[in-house]
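**Student:**
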Amino acid sequence: MESTTVLSTPLTNFSIAANGPNDLRFSWIDYSFFTILLSFSTLVGIYHGCFGNKQATTVDYLHAGKTMNFFPVAISQIASHLSGVTLLGIPAEMYTHGTQYWSSVFTSAPLTVLVAIYVTLPVFYKLQLTSCYEYLTMRFDARLTKITSILYLIGILSHLPIVVYVPALAFNQVSGLSMYLTTPIVCMVCIFYTTVGGLKAVIWSDALQFTVTFATLAVIFVLGTSSVGGFAQIWNIASENNRIEFFNMNLDPTIRTTFWTIAIGNSIPWINNNAFSPISMQKYMAVPKYSHAVKVIIIFGIGTIITKSLSCFSGLMIFAKYHDCDPFQSKKIIKNDQLLPYFIMDVAGNIPGVAGLFIAGVFSTALSTMASGLNTTAGTIYKNFIANWLPKDTSEKTASNIMKMIVIVTGLICSGLVFIVDKLGAVLQVSMSFHGLTTGTHMGIFLLGMFFPSANATGAFWGSVASLTLTAILVFGAQVYTYQGKMKIPTLPASVEGCNPPLNVTNFSNQTVTQAVASGGDQVFWLFRISFYYYPLIGVILCIVLGLIISHFTKDEKEKIVDADLFNPYILRFISRKHFSTTPVKYASAEKAFQMTEVQENVKCTPENK
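Reminder that position 460 of the sequence shown reads as 476 in this note's numbering, one-by-one numbering, no gaps.
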């Protein structure tokens, strides 16, 4: 899944207001772009599902036979990190709250790369597990595997409907077609190529779709920059209106966005989704060498920095274009999350194909995220909840077919939840906060296992339960106060003084004050006013601290001695050998650990030795 980006407003009834540019509708060129994208994705699934090995085994279906080239895997990882929430939500974030979120590209992105390469990959790649949750059974017991799997499933099933919902509404905006028609069609295409083609189809489809997405961002960059008057003009307008902010070093945790909320708080979901997530690990395992997996992570980091920066700069372009005639206050749009589609219509309405390219790009990110999520969900459910109930002689083909059925069922569930999201509207921000709730506990369990030999199964289990409970109280308490109107998220002020024809500014004065001034500070306990960016961090800290405390008081001398391979190799020199079942001679140094990992993975993963 992508990193958490909370949409500023509900997305219900996503349509341009009556006096907006409704005259722009898809031309045959636009429909061609959109249809070609879906057709190619379908053909990719048919090719990998009906030719070659036909994804007949679990290794083929979940890890692409461990023979993938590192570059398409890296592109797939970048594509999975993006979604329509990113393409539409980040520009709105820049417009309404300034550029502080942009600092994530030089804080969260590098930290994610470092943790993935030096913390999780050395452990997971050497073990060569089908799912990273198998690690928790080996390190602790099956209870931890179950609870983390459930956390993951809750997160993915609440996230995927939103991922599909956003582009479906954007498509409705420019085509006039009902989302009740387009959503099932697009979801069925994704379900089909994921079911038939497995991870290979997911990776190659992601690579194709990311190309479209990147082309979309490039077109937006060129058209937007030229329409406003150049990069310098955009930056000057944003700076004059207090939109440029990268180093707000205020340590107050109740401030929504500071350097610390982004550098620390926002980094946790990034790290969890790309270093501890089964989706990411599944792709890292798809390449034949450890060094290739490292390349995948590095390319992912570079690509994410570029794509996130383009999305952020899009927000500044939009603000420069409408800094004196805010589309929201002038009733051109109903909510700020419509800013980018409105901007595309405005600056490129006379260029055939641009709207189609834009919508195809938004849908591409949704397909990428959904396909990866469905494929990994199938493996997680099968391995952790079904496999143990099947006969031991169950064939690989049967297991593969069961996972394909799981993809179909979960895909249909996500498709149905899209329409529930459409009815609820305001639940979007609740869902994003809920994702932050599960992320911290999920990541904390793995850190307990890899870095703390004293942590036992009892401590990890009850520590995670306590962390989830306490964080839930914090998250849902904040949501209750928000719905009661006792807390409001402030936004930077916008102007309508330059609108043509002129608007009655008095009619918008109250709304502008509401946007610009924070409220509810004194009537809500400060814990519930903590920035939502800190929810995952709080979950991690609670899980580790409580897990270690409970482990200390439930320590049993008869507990099993843990294999050294289950710990991060960089800390082995600092851990007493009494914790291990074998003396870790091969881990005398970090460099030696990498050499051993490289040798063992070459023997284990080459096609000749599978």
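Beta carbons are placed, not taken as given, at the ideal position from N, Cα and C, and that holds for glycine.
1) In whole angstroms, give me the CA-to-CA distance for Q4 and K413.
2) Please list, in chain order, all residues of the same chain as T51 whose beta carbon is under 8 Å from its beta carbon, the five residues on each side excluded.
3) Here's the rule: buried if 16 or more other CB atoms are within 10 angstroms of the residue's CB, otherwise exposed. What is Y149?
4) Could you pull the start and end residues of the alpha helix (DSSP H) that N289 belongs to?
5) Out of curiosity, what's the CA-to-CA distance linking V182 and K420?
6) Mind checking whether T668 and G317 have CB atoms under 8 Å apart?
7) Span of the alpha helix (DSSP H) holding A364?
8) What whole-angstrom Cβ distance do T102 and S327 have, given they're in contact under 8 Å?
9) Looking at the structure shown, is K413 part of a helix, part of a strand, or coil, going by DSSP?
10) Taking the alpha helix (DSSP H) that A494 belongs to, which residues open and close that run?
11) Going by C-alpha to C-alpha distance, which of A184, A376, M204, V205 sits closest to Y196?
12) For T229, collect the residues of the same chain with a Cβ closer than 6 Å to its Cβ; drop the 5 residues on either side in sequence, then sort them by chain order.
13) Relative to the alpha-carbon of L176, which residue among F590, T393, L553 has its alpha-carbon at the smallest distance?
14) For V312, which three-state DSSP category applies?
15) Count the other CB atoms within 10 Å of the CB of D409; is the residue buried (16 or more) or exposed (fewer)?
16) Report the option in M84, L332, V238 whose CA atom is closest to the CA atom of E261.
17) Return yes when the Cβ of L463 is within less than 8 Å of the Cβ of I560, no when it is not.
18) For V129, which residues does DSSP report across the bridge?
19) Pick out whichever of N400, F435, Y551 has its Cα sitting closest to the Cα of T164.
20) Between the Cα of I321 and the Cα atoms of P126, K504, T487, which residue gives the shortest distance?
21) Determine the closest residue to Y358 out of V238, M84, L508, L104, with distance taken between C-alpha atoms.
22) Considering only residues of the same chain and omitting the five flanking positions on each side of L145, which have a CB-CB separation below 7 Å?
23) Give me the Cβ distance between D222 and S96, rounded to the nearest whole Å; I'm assuming they're in contact under 8 Å.
24) Flag I166 as yes if its beta-carbon sits less than 8 Å from any beta-carbon of chain D, otherwise no.
25) In terms of residue numbering, what span does the alpha helix (DSSP H) encompassing L559 cover?
**Tutor:** On the basis of the coordinates in this document:
1) The question about residue 4 has no answer here: the residues shown for the chain are numbered 17 through 626.
2) Counted from its first residue, the sequence shown places residue 51 at position 35. None.
3) On the sequence shown, position 133 is the one that residue 149 refers to. Per the 10 Å Cβ criterion, buried.
4) Within the sequence shown, numbered from 1, the residue matching residue 289 stands at position 273. Here the alpha helix (DSSP H) through N289 covers 283-291.
5) As a first step, residue 182 is located in the sequence shown; it is residue number 166 there, counting from the start. As a first step, residue 420 is located in the sequence shown; it is residue number 404 there, counting from the start. So the alpha carbons of these two residues sit roughly 26 Å apart.
6) Since the first residue of the chain shown is 17 and the last is 626, residue 668 is not available in this structure.
7) Within the sequence shown, numbered from 1, the residue matching residue 364 stands at position 348. Per DSSP, A364 belongs to the alpha helix (DSSP H) from 355-364.
8) Reading the sequence shown from its first residue, position 86 is the one you call residue 102. Reading the sequence shown from its first residue, position 311 is the one you call residue 327. 6 Å between Cβ atoms; contact.
9) For the purposes of this step, residue 413 is identified with residue 397 of the sequence shown, where counting begins at 1. Three-state DSSP puts K413 in a helix.
10) Here residue 494 refers to the residue found at position 478 when the sequence shown is read from its first residue. From DSSP, the alpha helix (DSSP H) with A494 extends over 473-499.
11) As a working note, residue 196 is residue 180 in the sequence shown. Nearest C-alpha to Y196: A184.
12) For this step, residue 229 is matched to residue 213 along the sequence shown. Cβ neighbours of T229 beyond the five flanking positions: G377, S380, T381.
13) Indexing the sequence shown from 1 puts residue 176 at position 160. Of the listed residues, the one whose Cα sits closest to L176 is T393.
14) The sequence position of residue 312 within the sequence shown is 296, counting from 1. Helix.
15) As a position in the sequence shown, residue 409 is number 393, starting the count at 1. The residue is exposed, with fewer than 16 neighbouring Cβ atoms inside 10 Å.
16) Taking the first residue of the sequence shown as 1, we reach residue 261 at position 245. E261 has its Cα closest to that of L332, out of M84, L332, V238.
17) Within the sequence shown, the letter at position 544 stands for residue 560. Within the sequence shown, the letter at position 447 stands for residue 463. Closer than 8 Å, so yes.
18) Here residue 129 corresponds to residue number 113 of the sequence shown, with the count starting at 1. None, per the DSSP bridge assignment.
19) As a working note, residue 164 is residue 148 in the sequence shown. The shortest C-alpha separation from T164 is found at N400.
20) Taking the sequence shown and counting its residues from 1, the one referred to as residue 321 is at position 305. Among P126, K504, T487, the Cα nearest to that of I321 is on P126.
21) Here residue 358 refers to the residue found at position 342 when the sequence shown is read from its first residue. It is L104.
22) Translated into the one-based positions of the sequence shown, residue 145 becomes position 129. Y151, listed in sequence order.
23) Looking up residue 222 in the sequence shown gives position 206. Looking up residue 96 in the sequence shown gives position 80. Confirmed, about 7 Å.
24) Included in the structure is just one protein chain, with no chain D present.
25) Position 543 of the sequence shown holds residue 559. The sequence given here has Cys at residue 559, not Leu. Counting along the chain, the alpha helix (DSSP H) containing C559 begins and ends at 551-569.
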